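Trainee: Take this structure, written in structure tokens, and hold onto it; I'll ask about it next.
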Amino acid sequence: MAERDSAPAGDGGSESGSAPLVAILTGAGVSTDSGIPDYRGPQGVWRRDPEAEKLVTYAYYMADPDIRRRSWALRGESPVWQARPNAAHEAIAHLEASGTPVRVITQNVDGLHQAAGVPGRKVLELHGNARSVVCTACAARSTMERALARVAAGEADPACVECGGILKSATVMFGQALDSEVLGSAMAVARACDVFLAVGTSLQVQPAASLAGLAAEHGARLVVVNAEPTPYDALADEVVREPISEALPALLATLHS
């Protein structure tokens with residue numbers, strides 16, 4: 009395995025400059041064993057209820073108060089609030105704690121990588137985080153816990169307390185662009201890493217999916233761990249179809265420093 013810089017410039021990492029860097033792109037499949045359903049899988053949310061996609065589509069959300077009310081009700085019932093890290097999250101945290109340079113790039117918004125012990129500075133949340141709320145007008149931020157308390161108290165569509173604007177979760181909805189700084193950091197990690205694991209993701213949503221190809225293009229060993237085929241399987245050095253909570257700990261055990 010070629011040795012390159014362990015972390016992209018500006019990352020703030022402290023690992024040795026000669027240590028191989030492991031990048032791990034995680035999707036919804038990593039959190040299903042924590043009780044959080046995926047979206048596109050055979051039992052995914054959108055296959056069971058295609059209308060649910062409107063609740064996370066920015067144009068619908070901004071234009072329709074009923075969509076917002078339904079979205080807030082759904083947020084209050086989200087399994088994220090009871091979810092705990094599973095064996096996959098813990099294996100990633102253990103790899104990082106072992107001294108191996110690790111960067112997590114996640115499509116998930118549940119915060120479970122941080123809950124498992126991965127330092128926040130080493131987690132790039134491509135789609136934001138469901139535990140915060142942002143105003144679409146003035147960009148003021150607050151906690152989801154506070155917003156949901158207002159919903160429980162009778163505000164079905166709570167407005168920003170600063171300016172009266174529309175509130176939404178601090179996640180990237182369909183129709184919104186990813187944060188350019190976060191995406192730029194993720195691309196830098198993909199170019200710099202020696203091993204790139206794509207875990208529990210369909211690799212169908214761009215630009216996140218393209219990170220796998222970018223890593224392979226720059227010489228990384230590409231490993232895909234997913235129950236269903238992905239568009240990048242043919243490019244991968246290894247494809248694993250076994251359950252993630254079983255397969256990932258075994259894979260990562262071979263990468264410890």
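Start counting the sequence shown at 9; every next residue gets the next number (the working numbering). Virtual Cβ for every residue (Gly too), placed ideally from N, Cα, C. For clarity, every value in this text was computed on a predicted model and none was experimentally measured.
(1) With a threshold of 16 other CB atoms inside 10 Å of the CB of Glu-98, please say whether the residue is buried or exposed.
(2) Skipping 5 residues on each side, what residues in its chain have a beta carbon closer than 7 angstroms to that of Tyr-66?
(3) I think Val-117 touches Glu-104, with their Cβ atoms under 8 angstroms apart; what is that distance to the nearest whole Å?
(4) For the candidate residues Leu-156, Val-131 and Arg-249, whose alpha-carbon lies nearest to that of Ser-86?
(5) Per DSSP, Cys-171 is paired with what?
(6) Would you identify the three-state DSSP class for Trp-40, choosing helix, strand or coil?
(7) When burial is assigned at 16 or more other CB atoms within 10 Å of the CB, is Ala-8 buried or exposed?
(8) Using DSSP bridges, identify the partner residues of Ile-75.
(9) Do Ala-164 and Arg-111 have their beta-carbon atoms positioned less than 8 angstroms apart in this structure?
(10) Which partner residues of Gly-221 appear in the DSSP bridge assignment?
(11) With burial defined as no fewer than 16 other Cβ atoms inside 10 Å of the residue's Cβ, what is the status of His-264: buried or exposed?
(12) Strictly by DSSP, which residues pair up with Val-207?
(13) Taking C-alpha atoms, which residue in Gly-125, Pro-237 and Leu-175 lies nearest to Pro-73?
(14) Going by DSSP, what residue range makes up the beta strand (DSSP E) through Leu-132?
(15) The beta strand (DSSP E) that contains Ser-140, what's its start and end?
(16) Looking at the structure shown, is Val-247 part of a helix, part of a strand, or coil, going by DSSP?
(17) What does DSSP give as the partner residues of Ala-161 in its beta bridges?
(18) Sort Glu-61, Val-38 and Val-203 by Cα distance to Glu-254 and report the nearest one.
(19) Straight-line CA distance for Leu-82 to Ala-36?
(20) Let me check understanding here. Comparing Cα to Cα, which of Gly-173, Trp-80 and Ala-206 lies closest to Leu-260?
(21) Does DSSP classify Val-112 as helix, strand or coil?
(22) Per the DSSP calculation, Arg-149 is bridged to which residue(s)?
(23) Report all residues from its chain with a CB closer than 7 angstroms to the CB of Val-88; omit the five preceding and five following residues, and keep chain order.
(24) So what does DSSP say about Ala-185, is it helix, strand or coil?
(25) Please state whether the Cβ-Cβ distance between Glu-236 and Ser-210 is less than 8 angstroms.
Mentor: On the basis of the data shown:
(1) buried
(2) Met-181, Phe-182, Gly-183 and Gln-184
(3) Glu-104 and Val-117 do not touch by the CB rule: their CB atoms are close to 20 angstroms apart, not below 8 angstroms.
(4) Leu-156
(5) DSSP lists no partner for Cys-171.
(6) Looking at the sequence shown, residue 40 is not Trp but Thr. Three-state DSSP puts Thr-40 in a helix.
(7) Absent from the model: residue 8. The displayed extent of the chain is 9 to 265, so no value can be given.
(8) None; Ile-75 has no bridge partner.
(9) Result no, Cβ atoms of Arg-111 and Ala-164 do not sit closer than 8 angstroms.
(10) For Gly-221, which the question treats as bridged, DSSP gives no partner whatsoever.
(11) Flag for His-264 reads exposed.
(12) Bridge partners of Val-207: Thr-34 and Val-233.
(13) Leu-175
(14) 131 to 133
(15) 136 to 143
(16) strand
(17) DSSP, once it has assigned bridges, lists no residue as partnering Ala-161.
(18) Val-38
(19) 18 angstroms
(20) Among Gly-173, Trp-80 and Ala-206, the Cα nearest to that of Leu-260 belongs to Ala-206.
(21) strand
(22) Within the DSSP bridge table, the entry for Arg-149 names Val-142 as partners.
(23) Ile-44, Asp-118 and Ala-138
(24) Of the three classes helix, strand and coil, the one that applies to Ala-185 here is coil, per DSSP.
(25) Judged by their CB atoms, Glu-236 and Ser-210 are nearer to each other than the 8 angstroms cut-off.
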